[in-house]
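**Q** Chains A and B are the protein sequences, given in the same order. First residue of the first sequence? That's 1 in our numbering, and the numbers climb one at a time after it. First residue of the second sequence? That's 1 in our numbering, and the numbers climb one at a time after it. A virtual CB, placed ideally from N, CA and C, is assigned to each residue, including glycine. Source: prediction; values computed, not measured.
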Amino acid sequence: MHDIDSIGARLRASGDLAATLAASFDAFEVIRRAARACENRDLGLLPVFMLAAGAAVEGRNSVAAAPSLPRANGNADGPEGPQPSADLHDVADWLAALGGLLARRLPAAAADATVPGDRAACADAAQAAAQIHRLLAGTCGASPVR
Amino acid sequence: MPALFGDFLAAASEHIDAAVCFYGDLSDDAAREVIRELDRLVAAMARYAGAFTPDADTDPADAHLDVRARAEADAHQALREAAASLRADAERIGGTGAEPVFPAARHLAAAAAALTAGHDLLQTHFAPGPDGARTGRSRWATVIASEPVSAALLSELADSGRRLAPWVARLSLPGLAGSGLPGSARLAVSAACRWLRIADIATQPGRGDHPPAAAGLKLLRAVPAHTPPPRRRPHAGETVAALCASTQTTAERLRYLAPAVAARAHPAAAPTAACWQRTAHGAAITGHCAELILRSLADRARILGIAPAIPSALRHAADATSAGWAAWRAAAHAFDTITTEKRATLTPVAAEIGDLALWTGRLAHSDPDWTPARGHPPDLRDPADLAFAPAGIPAVLAAVHHAADALAVVAAEDREAVRAAAASRRLFVPARLMPEHHDAPYPYAPAPHPHVDELLATYDNVIRSAIRAGRIIDDLATSLDAPSSLLGPIRAANRREMPRLAHRGNRPGPQPPLVRPGTGQVEQTLRQLHITEPALLARAAVIDDAARDLITEATTKTHRRDTASGPGHHRTTGTPPDPRHPAHLAAKDTPHGPVALPPKDTRPDNPRSNVPSAPPHEMSRMGIAAPQPHRGNNPGL
């Protein structure tokens with residue numbers, strides 16, 4: 001869970017919009033990779049991990065469209081996912097917490113943003129993060145398949 | 001339940017049966033009402049003639065036509081002629097605009113309204129194109145225009161005409177109906193009656209010794225209006241039957257919505273990667289739940305002692321469905337890196353595919369509030385709860401079948417949309433996900449070709465898997481006579497191209513008949529005596545008709561008796577008829593059938609010189625006299 005912990009720390013520590021956006025992009029990517037890695041491990045949890053990965057892609061792509069996201073050279077490898085031996089419910093809890101953190105940090109970043117494109121990107125990404133949290137924390141409404 | 005074409009067909013049939021039950025004398029007013037409503041009914045029948053057949057404007061005289069096509073063209077033309085015969089005189093009789101009072105007329109009016117509504121229902125599956133032609137816009141359009149369904153429709157119309165004709169013939173008898181009716185009206189009714197008979201008999205070569213295939217009629221009756229059913233909202237504690245119904249409704253909505261999305265050619269409304277990925281996720285979850293349901297059904301079928309082949313086939317279907325949802329999941333994974341421009345709105349399919357996942361998930365799981373989110377126990381529904389009795393298995397299978405069918409439609413539409421996006425270079429990758437050596441000046445970079453090729457190959461696999469699973473479930477549904485058993489034939493019909501139909505508004509009027517307008521022997525005799533009194537000619541025409549009916553009935557009975565006696569009693573072609581044969585005896589003293597017209601240049605005194613000199617066709621070979629073609633307000637006198 002090293003990546004999940006470290007990305008959470010980065011998010012909390014990010015002081016400005018650019019840093020928050022960069023950390024958010026990576027956080028969504030961590031969630032996506034981790035959720036994909038867990039999809040096959042228990043078919044009972046297949047739908048929840050599949051949808052969480054989808055929400056992470058949407059959140060990541062929203063952040064990628066933000067004008068203030070710092071340019072960076074590619075990183076095709078990205079952060080590593082959780083250990084294959086990690087307990088699935090532990091992974092789900094960690095990812096839910098990370099989603100919740102994103103859902104709190106991104107609206108705050110949107111409030112500080114001066115460029116409309118940044119505000120829209122943060123707002124969209126915050127919605128995706130909230131969806132990840134609802135799915136993985138088990139607090140969803142009637143139809144979480146958006 | 002949505003309205004089906006069969007509902008209107010059945011209503012029309014019941015009203016026609018009710019109308020022809022009336023055998024009392026008709027007052028003038030009643031006779032006028034009946035003629036007006038008969039005009040409406042026959043006009044409604046004639047509107048169908050060729051309206052849903054791609055080669056509707058076929059000339060019956062075309063020597064290249066096969067028997068079936070020629071018979072259909074004859075029947076279509078006969079229906080139009082019947083309508084034209086009545087039209088002028090109904091107009092002359094005039095109308096009060098009020099609802100009919102006489103019961104038989106009311107039934108005819110109701111039958112006309114039902115057939116008109118049925119026509120409009122079929123018409124919803126076609127849209128006018130820029131050139132005036134109508135193009136199919138739903139899967140049902142191909143079904144409606146298919147040969148078995150066209151034949152079934154024509155057969156149903158002809159059958160209505162057959163039941164109407166003897167009753168209508170009474171109107172042309174002065175002693176029985178409306179003695180104050182003008183003679184021209186009686187002749188027009190008589191002509192219409194004969195055209196209706198021709199329409200019925202003309203369909204017989206097309207169907208041979210057999211009625212139209214039951215499958216064609218079943219499909220025809222099942223045609224719904226091209227409108228989506230209302231969206232269903234979930235609520236807790238729904239029964240298995242309600243969940244099956246909700247699954248079917250959602251599947252129908254998705255089948256309706258998917259092509260509508262694809263039809264949006266404008267790039268500003270094109271679907272996005274977010275829509276495709278949501279759709280793929282919803283499809284994968286639906287497929288996963290469908291697999292669980294099929295395995296439960298297989299267990300239940302085994303416990304219930306249903307034929308051993310069924311549990312095995314259900315497991316086979318579950319395996320195919322498993323491959324299908326795995327393919328959808330691969331498509332969803334492909335959009336982890338490939339994306340498009342972003343839009344605020346989702347396509348209707350992406351917005352509603354989650355409903356399908358929810359309904360199938362609740363069918364598969366024991367938790368009545370199941371959602372794909374974490375927190376619901378993943379326990380599966382008890383197979384006995386899913387299908388307590390053997391009859392429950394086809395019902396649940398139908399829900400799975402509808403879901404699989406809808407996903408196949410969605411897959412085909414999404415594949416085309418993704419191809420279009422690739423062709424217009426709308427596929428991108430976030431620059432941050434590119435390899436480290438990639439120096440991207442923008443947040444997004446064009447998707448590398450290998451990624452795009454892989455994405456398209458993934459969709460191809462989705463389609464292949466969907467087709468395979470669809471065929472297996474089609475067969476299973478047929479074996480179990482599931483309510484969804486029509487989905488297979490619908491899919492089969494859609495392997496053909498979407499039909500294009502002629503624009504009805506520009507349709508030419510009735511064509512002149514290819515045989516001499518038939519006058520029976522009695523009527524001919526009266527004309528030779530220079531009798532022009534309409535009432536007498538009408539009576540003569542009715543006597544001729546009655547004689548033909550007698551011959552037809554006698555011939556049919558004899559044919560049935562020969563058939564029942566075994567093959568040795570069949571008369572081979574070319575064998576001289578037995579002079580003691582009842583039909584032969586009857587024919588000796590009854591009016592002859594039509595006479596083929598001589599070439600135009602050999603009948604200089606014939607005022608109808610525009611009648612083509614084509615060789616006699618099916619109508620004449622059947623020995624059926626075609627009545628006088630309609631030529632305006634003068635019914636031929």
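(1) Can you tell me whether B/P271 is buried or exposed, with buried defined as 16 or more other CB within 10 angstroms of its CB?
(2) Hey, could you find the ends of the alpha helix (DSSP H) B/R468 is sitting in?
(3) Give a yes or no on whether the C-beta atoms belonging to B/R646 and B/A384 are separated by under 8 Å.
(4) In terms of residues, what are the limits of the beta strand (DSSP E) holding B/A127?
(5) Hey, out of B/P229, B/Y48, B/A191, B/D336, whose CA is closest to B/V149's CA?
(6) DSSP on B/H376, reduced to helix/strand/coil?
(7) Out of B/G305, B/E341, B/L171, B/D74, state which residue places its alpha-carbon closest to the alpha-carbon of B/D28.
(8) Using CA coordinates, which residue listed in B/D131, B/E413, B/R221 is at the minimum distance from B/G118?
(9) So which residues of chain B does A/R32 contact, with C-beta pairs closer than 9 Å?
(10) What does the Cβ neighbour count give for A/S6, buried or exposed, with the cut at 16 atoms within 10 Å?
(11) Secondary structure at B/Y444, three-state DSSP: helix, strand or coil?
(12) Taking a contact to mean a Cβ-Cβ separation below 8 Å, would you say B/S479 touches B/L386 in this structure?
(13) B/F102 lies in the alpha helix (DSSP H); which residues open and close that run?
(14) Judging by CA-CA distance, which residue of B/G216, B/H76, B/D319, B/Y256 is the nearest neighbour of B/R231?
(15) Under three-state DSSP, which class holds B/Q511?
(16) In whole angstroms, give me the CA-to-CA distance for A/L21 and A/A27.
(17) Could you check whether the Cβ of A/A103 sits closer than 8 Å to any Cβ belonging to chain B?
(18) With a threshold of 8 Å, are at least 3 pairs of Cβ atoms found where one atom belongs to the segment 424 to 438 of chain B and the other to the segment 477 to 494 of chain B?
(19) For B/S312, count the other beta carbons within 10 Å of its own beta carbon; 16 or more makes it buried, fewer makes it exposed. Which is it?
(20) Use the C-beta contact count for B/L9: other C-beta atoms within 10 angstroms, 16 or more gives buried, fewer gives exposed.
(21) What are the residues in the segment 274 to 286 of chain B lying within 9 Å of chain A by C-beta distance?
(22) From B/D159 to B/R70, what distance separates their C-alpha atoms?
(23) Just the C-alpha distance for A/N40 and B/G282, rounded to the nearest angstrom, thanks.
(24) Under 8 Å, Cβ to Cβ, is there at least one residue of chain B near A/G117?
(25) Taking its Cβ as the centre, do 16 or more other Cβ atoms sit within 10 Å of B/D379, making it buried, or is it exposed?
(26) How many Å lie between B/T279 and B/A51 at the Cα?
(27) Helix, strand or coil, according to DSSP, for B/H226 in the structure here?
(28) Please report the distance separating the alpha-carbon of B/V400 from that of B/A202.
(29) Measure the beta-carbon distance from B/A406 to B/A225 and round it to whole angstroms, keeping in mind my assumption that it falls under 8 Å.
(30) So is A/V91 in contact with chain B if we call contact Cβ pairs under 8 Å?
(31) Residues of chain A with a CB under 7 Å from the CB of B/T250: which are they?
(32) At the level of alpha carbons, what is the spacing between B/E413 and B/T340?
(33) Should B/D544 go down as buried or exposed, given a rule of 16 or more other Cβ atoms within 10 Å for buried?
(34) Could you give the residue range of the alpha helix (DSSP H) that holds B/F8?
(35) In three-state DSSP terms, what is A/V51?
(36) Against chain B, does A/G44 count as a neighbour if the rule is that its beta carbon must be under 8 Å from one of theirs?
**A** Judging by the given coordinates:
(1) buried
(2) 449 to 480
(3) This structure cannot speak to residue 646 of chain B, because chain B is shown only from 1 to 637.
(4) 126 to 128
(5) B/Y48
(6) coil
(7) B/L171
(8) B/R221
(9) D336
(10) exposed
(11) strand
(12) no
(13) Looking at the DSSP string, B/F102 is not in any alpha helix (DSSP H), and its letter there is neither H nor E.
(14) B/Y256
(15) Confidence at B/Q511 is low in this model, with a pLDDT of 42, below 50, so the placement of that residue is unreliable and no value is reported for it.
(16) 10 Å
(17) no
(18) no
(19) exposed
(20) buried
(21) A274, Q277, R278, A280, H281, G282, A284, I285
(22) 18 Å
(23) 16 Å
(24) no
(25) exposed
(26) 37 Å
(27) coil
(28) 43 Å
(29) Contact doesn't hold; Cβ gap of about 18 Å is too wide.
(30) no
(31) Within 7 Å Cβ-Cβ: nothing; B/T250 doesn't reach chain A, min ~11 Å.
(32) 17 Å
(33) buried
(34) 5 to 20
(35) First, the amino acid is wrong: residue 51 of chain A is Leu here, not Val. It is helical.
(36) yes
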